[in-house]
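Input: a single structure, listed below in C-alpha cells.
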Amino acid sequence: MGFAMVKSAVIDGLEVREVCVEADIGNGLPVFHMVGYLSSEVKEAGERVRTAIRHTKVRLQPQRMVVNLSPADIRKKGASFDLPIAAALVLASGSIENRCQNKVLMIGELSLDAKVRKVKGILPTVSFARKHGFEICVIPRENEAEGHLVPGIEVIGVSTLSEVWEFLEEGKKPHWVSVSVRKEKRTAGRLNYADIKGQSVLKRASEVAAAGGHNILYIGPPGSGKTMAAQRLGTILPDLDERTSMETTTIYSAAGLLDETSPLVVRPPCREVHHTVTKAALLGGGRYPSPGELSLANGGVLFLDELSEFQRPVLDALREPLETKQVRITRKQGTYLFPANVLVAAAMNPCPCGNYPNLEQCRCTPGEIHRYLSKVSQPFLDRMDLCVETPKVSYRELMSDNQNVTSESILKKVIQAREIQRERYQGRMYATNSGMNLDEIRRFCCLEEKAQRMMERAFEMLGLTARTYFRTLRVARTIADLEESEQIRGCHLAEAISYRMVDQKIWGNQKR
1 MGFAMVKSAV IDGLEVREVC VEADIGNGLP VFHMVGYLSS EVKEAGERVR
51 TAIRHTKVRL QPQRMVVNLS PADIRKKGAS FDLPIAAALV LASGSIENRC
101 QNKVLMIGEL SLDAKVRKVK GILPTVSFAR KHGFEICVIP RENEAEGHLV
151 PGIEVIGVST LSEVWEFLEE GKKPHWVSVS VRKEKRTAGR LNYADIKGQS
201 VLKRASEVAA AGGHNILYIG PPGSGKTMAA QRLGTILPDL DERTSMETTT
251 IYSAAGLLDE TSPLVVRPPC REVHHTVTKA ALLGGGRYPS PGELSLANGG
301 VLFLDELSEF QRPVLDALRE PLETKQVRIT RKQGTYLFPA NVLVAAAMNP
351 CPCGNYPNLE QCRCTPGEIH RYLSKVSQPF LDRMDLCVET PKVSYRELMS
401 DNQNVTSESI LKKVIQAREI QRERYQGRMY ATNSGMNLDE IRRFCCLEEK
451 AQRMMERAFE MLGLTARTYF RTLRVARTIA DLEESEQIRG CHLAEAISYR
501 MVDQKIWGNQ KR
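Residue numbering for the sequence shown follows full-length UniProt numbering, starting at 1 and increasing by one per position.
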C-alpha cells in the first residue's frame, strides 16, 4: 500500500501546463480508477499501462488502484501520460524504490509489450520543464533528438519500461550513441525560377515580395506561370533566424510533424492548401484548438491556388491574421494564440475563361465576370501588397534558353535586402519591412517632394485607402533596400504603385 506522484505535462494549444500524476494503491476490492478530466484516449491508458507493466520484472498485486491527473480543471488528452502513469503505479506499489533525487518530468506512450513510443509536443514540453526548474526529462528514444534542441536540461531517451525502472532505482541511464541534431540544409532542388520562361515582371515582383515579406497575388490566364512562380517562392527565401526557427519548430512539434533525424526547422516552410479547405483547417481550431495551415507556414509561404474558388468566408477569415501576424481563437476554456508571420501568395484567373480584360478573346458575360471576381472581397484584396499580371508566354520566349534570372541570383539580392532590414529593425519582434508600424513608416519611408506629389496623384487616381497607402510605402521601402538606397526615390515609388494598378485594372469596373 502506498502513494506516489510523478510529474508530467499536457499541451493546450501551444501552451504547456504541468500535470501531477498521482497513484494510490490500497486494500479493497481489486479495481482500477482513473480521474482528472480525462479524454477517451487517456481513459484507455489503464489497460495499456497494466499490460505493459506485466512485460517487465514488476508485478502489480490485485488491489484497489486510483490514479488522479491533476489539476482537474485542465482536460488531459493524448497518449503521452502512459509512461508517468506506469511509473506512479509501480512506485506506489513499492515494487521499486525511487532513488532519483532530481526533479524529473516524464512523457511517453506505451505499447503492450512495454516499449516506449514517440509522442508529439516534446520541444515545448522540454522547454517548459527547463523554465520551471526541472533537471531531467525522460522521453521516448525516438524523440531524443528533438529534446536535445533545448539547452540547459538533461534529456534521457528510453525505449522500454525496464530502462525507466533502472533509471529510477539505480540511476542507470540507457547507453545510446550520442544523438547529434542534424540541421536541414538548403539543397539544389528541382524548383527554380529559371524554369519560368519570360515573365520578367513576375520574377521581379516575386523578388520584391520575398525581400520584404510582402503578400503577393498573381493574376493571369491559365498556363502563364502563376502557380510555378508561387511554388518557387521558397527557393528565394533565406534560412530562418534562430527565434523564428524555434517558434516554427515548436508549432511542428505540437502538430507531430517533425523529422526524427533533423527536427529543427531551418528552411522556411511552404504550405499549399486546396480551395476546399475549411476555416478550422486553415486557421486552426476545433473544440480544443490546434494550429492550422496558416501557422504551419509561419516564417515561410502559404500558397492559395485558384483563389477565386475558395469560399469567401474562408478568405475573409484571413484578414485579421494577415494584419496581426497571429491567429487568435477564443473558446469557453480560454483564448489560444498561434503565430502566423506568413508570406501569403495567391494565384487566380481574371475570369472563368481566363482572358479578361481582353474583351476580344474573353467569352464570359459581364455577369459571370462579376460573380467570379466578387468571390474575392475588397478588404482581402487590400491586404495583398503586390498584385502582378502574368500575360501569356509567347512561343519565342517558351523556346528560349536564356536563364539569366535563376533562384540563386534572386536569393543573393533577397539576402542582401533582408540584411539591411535586419539591422534596421534590430531588437524588434520582426525583421522585414512588412512588419513596420505607422511610426516606423513615417520614420523610414520619408518621400522626396517629387515622390510625395506622385503618391498624392496615385492616391486620388487609384482610389487608395489608408491601408493600401501604407502598404504601398512598405513595398517602396523594400524596393529601395534592393537597390541599397537609404532614400525612397521616385522610381522606387513608381514601381510600388504599379503593383497596385493591376487590381484596379481587373476589379475597377466591378461592383463589390
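Glycine residues also receive a C-beta, built at the ideal position from the N, C-alpha and C atoms.
| query | Taking just the CA atoms, how far does Phe-81 sit from Ile-11? | reply | 12 Å
Rounded to whole angstroms, what's the CA-CA distance from Thr-468 to Arg-383? Just pull it up for me. 8 Å
Closest to Leu-447 by CA distance: which of Ser-262, Tyr-193 and Phe-470 is it? Phe-470
* **Alpha-carbon to alpha-carbon, Leu-89 and Glu-320** => 48 Å
Answer with buried or exposed for Thr-235, where buried requires no fewer than 16 other C-beta atoms within 10 angstroms of its C-beta. buried
**Prompt:** Any idea what DSSP makes of Pro-398, helix, strand or coil?
**Reply:** Before going further, note that residue 398 is Leu rather than Pro in the sequence given. DSSP places Leu-398 in helix when its eight states are reduced to three.
Checklist entry - Where does Asn-433 fall in DSSP's three states? => result helix
Next item on the list: Classify Arg-500 as helix, strand or coil using the three-state DSSP reduction.
Entry: helix
- Leaving out five residues on either side along the sequence, give the residues of the same chain with a beta carbon under 7 Å from the beta carbon of Phe-128. Ala-9 and Val-16
Practice prompt. Classify Arg-442 as buried or exposed, calling it buried when 16 or more other Cβ atoms lie within 10 Å of its own Cβ.
Written response: exposed
Using a 10 Å radius around the Cβ and a threshold of 16 neighbouring Cβ atoms, would you call residue 516 buried or exposed? Since the first residue of the chain shown is 1 and the last is 512, residue 516 is not available in this structure.
* Please classify Arg-512: is it buried, with 16 or more other beta-carbons within 10 angstroms of its beta-carbon, or exposed? => Any reading at Arg-512 must be qualified, since the residue scores a pLDDT of 41, below 50, and its modelled position is unreliable; the value itself is stated next. It counts as exposed.
Specify, as a first and last residue, the run of the alpha helix (DSSP H) that His-274 falls within. From DSSP, His-274 is part of no alpha helix (DSSP H); its letter is neither H nor E.
Fill in: Backbone secondary structure at Lys-511 - three-state DSSP
Here Lys-511 scores only 45 on pLDDT, less than 50, and its place in the model should not be relied on; the value that follows carries that caveat. If DSSP states are grouped into helix, strand and coil, Lys-511 belongs with coil.
- Measure the C-alpha to C-alpha separation of Leu-315 and Val-376 and round it to an integer number of angstroms. 8 Å
Open item on the list: Using CA atoms only, rank isn't needed, just tell me which of Thr-56, Asp-24 and Pro-84 is closest to Val-42.
Closed with: Pro-84
field: C-alpha gap between residue 514 and Asp-503, whole angstroms
entry: No statement about residue 514 is possible, as the shown extent of the chain runs from 1 to 512 and does not include it.
**Message:** Taking the alpha-carbon of Asn-98 as reference, which of Ile-488, Ile-107 and Ala-87 has the nearest alpha-carbon?
**Reply:** Ala-87
Gly-284, DSSP secondary structure in three states
strand
So, is Glu-408 buried or exposed, given that buried needs 16 or more other C-beta atoms within 10 angstroms? exposed
Alpha helix (DSSP H) containing Pro-366: first to last residue? 366-373
**Asked** Should the region 255-267 be regarded as contacting the region 216-230, the criterion being three or more beta carbon pairs within less than 8 Å?
**Response** no
Checking contacts by CB at 9 Å: is Ala-145 closer than that to chain B?
Here chain B cannot be found, since the structure has a single protein chain.
Which of the three DSSP states, helix, strand or coil, is assigned to His-33?
-> strand
*Taking just the CA atoms, how far does Ala-45 sit from Val-158?*
19 Å
Exercise for review: Sort out for me which residues DSSP pairs Leu-216 with in a bridge.
Suggested key: First, the residue type needs correcting, since residue 216 is Ile and not Leu in the sequence shown. DSSP, once it has assigned bridges, lists Ala-345 and Leu-386 as partnering Ile-216.
Check: Is the beta carbon of Val-414 sitting closer than 9 Å to the one on Pro-238?
Finding: yes
Applying the 10 Å Cβ sphere with the 16-neighbour rule, what's the burial state of Glu-170? exposed
N- and C-terminal bounds of the beta strand (DSSP E) containing Lys-7 = 2-12
Checklist line | His-492, buried or exposed, once every other Cβ within 10 Å from all chains shown has been counted against 16 | finding: buried
- Can you grab the Cα-Cα spacing for the pair Glu-18 / Glu-272, in whole Å? 35 Å
Practice item. Return yes when the Cβ of Lys-173 is within less than 9 Å of the Cβ of Phe-134, no when it is not. Key: no
Practice problem: Entirely within the region 284-329 and at least 3 residues each: give me those beta strand (DSSP E) ranges in chain order. | Solution: 301-304
At 3 residues or longer, what runs of the beta strand (DSSP E) sit wholly inside the region 112-151? 136-140
Counting C-beta neighbours from all protein chains within 10 Å, is the total for Ala-451 16 or more, i.e. buried, or is it exposed?
buried
*Reference Met-228; option with closest CA among Ala-347, Thr-324, Gln-101 and Ile-53*: Ala-347
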